[in-house]
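In order, the protein sequence lines correspond to chains D and F.
In terms of the working numbering, the first sequence opens at residue 144 and continues consecutively.
In terms of the working numbering, the second sequence opens at residue 130 and continues consecutively.
Idealized CB from N, CA, C, for every residue including glycine.
Heads up: the structure comes next, in structure tokens.
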Amino acid sequence: MVELDILKKVNDIFIDVLDDEEIVIDATTTADDVDEWDSLTHIQLIVAIEKSFGLRFTSQEIQEWKNVGEMLNCIENKNK
Amino acid sequence: MKNFNQIKKNLKKDFSSFKGIRVAVLGDSSTQFLVQAIKGIGFDRKVNLTIWEADFNQIERQVMDPVSELYEFRPEVVVLFFSSHKLLEKYNKSNLGEQAKIADTEMSSIKDLTNQIHNQSGAKIIIYNYSEIDDAIFGSFSNKLPSSFLFQLRKLNYYLMSYASEISNLFICDLSSVQNQIGKASFFQPSIYVSTEMVLSIDALPLVGSRTLDILCAIKGDFKKCIILDLDNTTWGGVIGDDGMENIQVGSLGIGKAFTEFQYWVKKLKSRGIIVSVCSKNTESVALEPFEKHPEMVLQLDDISVFVANWENKADNIRHIQSILNIGFDSMVFIDDNPFERNIVRENLPEVTVPEMPEDPAEYLEYLYKLNLFETVSHSKLDTDRTKLYQIEANRLKTQKKFTKVEDFLKTLEMYSTVSKFTKFNIPRVAQLSQRSNQFNLRTIRYTEDDIKKIAISEEYISRCFTLEDKFGDNGLISVVILRKEENKTLFIDTWFMSCRVLKRGMEAFVLNTIVNLSKEKGFRILKGEYIPSLKNGMVKNHYKELGFAAKKDFWELNLKTYKKKNSFIEINKTK
């Protein structure tokens, strides 16, 4: 999957899980930038992304991401 | 079933029209998502859960301190979640001697906690049991070694069951069963656990939340009382009208096993006190034939309270069944293999629960097991007679049709009532009725056996329960009144409910005559009543007015001196 497609898909997941049509994310977006993205909803996002892309993140990966860009890289690598 | 994301969206909706329950949740692992799941599922069940959640791992501190936030919250129900992971952690840190006794140690500590909750508040308690962790230290040999973790975990689950079977205000929510149903890989996600201390996966939350709500709703009186069965391809394989009795599949023929096992399941429900009815699109005599003649039928006519087989539409037939049973549509479950029939009932009678049965009859039971349709918070031996009582009622109604004047019919019934105080024999039934009665219930206060026992011995209360029998049969205990002493020679009617089976017999008048006499004997001058409206008790809105009470602000008062005995065709049973 091309990175732009992955970003769109993840953006849709953010919109659905956080229940906010207005959310627009890019590679630099962090939890500080999005109101509803907290430690709890973070878990929901991870599980939703895992389901949507059909993959599993390791506990190390979950802890390491600092922003959306790192998340997208991880997804892209796993997809290969 | 909705997933967690969908459930969470319910949290933003308007709960204000639903009945409320105050629930405290305390866990030794992360409970935030569980609390969200419970509250969210509550919306779909039409309950507004006001939840207080303890901080992480604060169970002991909150429970043992009599002035803690837990008690300040005044919970009606306290939910305790002791996780298997924390149990394993304790086990791992213990020496060999302690490991061999960890089930005993934990049970003792749980008893201390539940006793303290019991002493400090009237709250009911729900405890999750332990989902299994097989640490594979001994393999299957764990089963032979008392000191192994698995042996101790299973022992602890057994201790919980034993304890719960003795304490009526304590309920176990079967987490272990949920893990069995969905499998450990779905139930527990290690990567999430390591980061967050969440022992339930996002996928497990809807089912765990649902099982928790099943108990909370049952505590509030919302539970299923009746199962209505289609016949063709539901109770047996094939179509009786086309295939004939020799070719329907039940027992050893074809996939008959699926239907036989289903029938055994229904038979168990009947024994438990769930009313079984039949609603089939068939000529009656044709539908009856397998019950009367097929040697491998497990369900017998004796098991069926109301048997309806005709060519009318099923929604109308279910309305007819409801009018005989006099229970709410929302306490009925309708099982039919035909999606067309299911939809008709769903659209016309939205309150009836209509499971979306799997296409393959082999899957019926596993699907129904998972739905957990028949949660309850009480059970008495008298439940087993319920089917018989409804069959008797059907007979009564047939006779009633022959009379044009109700009074003439009532006279011929030869009705008697036995009036008693609360005794150890009737207390279980009294408590159960307080939980089941929705329509003829003036204040809808739910009592458990423990609550009734306390009232029975308290000087503050005067209570009576009433049976009703007639020439057709005995309805058993069907009405309860609890009076509480107030100042100024006044008795407040804390509780007055009656089973809907005996409406329109003149029981209200009989009960009032009885309690007026009783109150006068004890020197009281005024009976004071209150009507607390609920979603289901509209029928008794004018109860006190119709009995001649006078309205006094939010209450109703009856002057005992000027009371004139009311007419009723019920006599006191002097022989008992």
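Pair within 7 Å by beta-carbon distance, residue i and residue j
| i | j | result |
| --- | --- | --- |
| F/V307 | F/L334 | no |
| F/V196 | F/I255 | no |
| F/F280 | F/S291 | no |
| F/V483 | F/F463 | yes |
| F/I180 | F/V206 | no |
| F/M544 | F/I644 | no |
Neighbour flag for residue i against chain D, beta carbons, 7 Å
| i | result |
| --- | --- |
| F/V164 | no |
| F/Q161 | yes |
| F/N477 | no |
| F/N411 | no |
| F/N134 | yes |
| F/I311 | no |
| F/S315 | no |
| F/V323 | yes |
| F/S320 | yes |
| F/K138 | yes |
| F/L331 | At residue 331 of chain F the sequence reads Ile, which differs from the Leu that was named. With 7 Å as the cut-off, F/I331 counts as an interface residue toward chain D. |
| F/W685 | no |
The beta strand (DSSP E) enclosing residue i, as first and last residue numbers
| i | result |
| --- | --- |
| F/Y82 | Because chain F is modelled from 130 through 705, residue 82 of chain F falls outside the range shown and cannot be assessed. |
| F/R613 | 602 to 615 |
| F/C302 | 299 to 302 |
| F/T596 | 590 to 599 |
| F/V437 | 435 to 439 |
| F/L178 | 176 to 182 |
| F/K550 | From DSSP, F/K550 is part of no beta strand (DSSP E); its letter is neither H nor E. |
| F/S409 | 404 to 410 |
Three-state class that DSSP yields for residue i in the structure shown
| i | result |
| --- | --- |
| F/K78 | There is simply no residue 78 of chain F to check, as chain F begins at 130 and stops at 705 in what is shown. |
| F/I384 | coil |
| F/D623 | strand |
| F/S159 | coil |
| F/G366 | strand |
| D/G212 | helix |
| F/E700 | strand |
| F/F532 | coil |
| D/L150 | helix |
| F/Q378 | strand |
| F/A679 | strand |
| F/D361 | strand |
| F/R575 | coil |
| F/K657 | strand |
| F/R151 | strand |
| F/M461 | strand |
| F/N570 | strand |
Pairwise C-alpha distance: residue j and residue i
| i | j | result |
| --- | --- | --- |
| F/L620 | F/I556 | 22 Å |
| D/N154 | F/D359 | 47 Å |
| F/L630 | F/S276 | Rather than Leu, the amino acid found at residue 630 of chain F in this sequence is Arg. Roughly 54 Å separates the two Cα atoms. |
| F/L542 | F/N604 | 13 Å |
| F/S549 | F/T505 | 27 Å |
| F/K695 | F/N642 | 7 Å |
| F/L329 | F/F316 | 6 Å |
| F/N472 | F/E686 | 49 Å |
| F/I433 | F/G677 | 41 Å |
| F/G594 | F/I661 | Here residue 594 of chain F turns out to be Cys, not Gly, going by the sequence shown. Approximately 21 Å between the Cα atoms of the pair. |
| F/N646 | F/I611 | 15 Å |
| F/N258 | F/L216 | 11 Å |
| F/M130 | F/S339 | 9 Å |
| F/A491 | F/N477 | 29 Å |
| F/I581 | F/E182 | 30 Å |
| F/F684 | F/K657 | 7 Å |
Host alpha helix (DSSP H) of residue i (start-end)
| i | result |
| --- | --- |
| F/R340 | 334 to 348 |
| F/V206 | From DSSP, F/V206 is part of no alpha helix (DSSP H) but of the beta strand (DSSP E) over 206 to 210. |
| D/S195 | 182 to 196 |
| F/Y322 | 319 to 325 |
| F/L285 | 278 to 295 |
| D/K223 | Counting along the chain, D/K223 falls outside any alpha helix (DSSP H), and DSSP gives it neither H nor E. |
Proximity test, Cβ basis, 7 Å: residue i and chain F
| i | result |
| --- | --- |
| D/I166 | no |
| D/I158 | no |
| D/D162 | yes |
| D/L183 | yes |
| D/I149 | no |
| D/T186 | The sequence given here places Ile at residue 186 of chain D; Thr does not occur at that position. Yes, because at least one Cβ of chain F sits closer than 7 Å to the Cβ of D/I186. |
Residue i Cβ short of 6 Å to the ligand SAH heavy atom set
| i | result |
| --- | --- |
| D/M214 | Among the components modelled here there is no ligand, and therefore nothing to report on the ligand SAH. |
**OP:** Output, in sequence order along the chain, the residues in the stretch 191 to 207 of chain D whose CB is closer than 8 Å to any CB in chain B.
**Re:** Absent from the structure is chain B; the protein chains it does hold are D and F.
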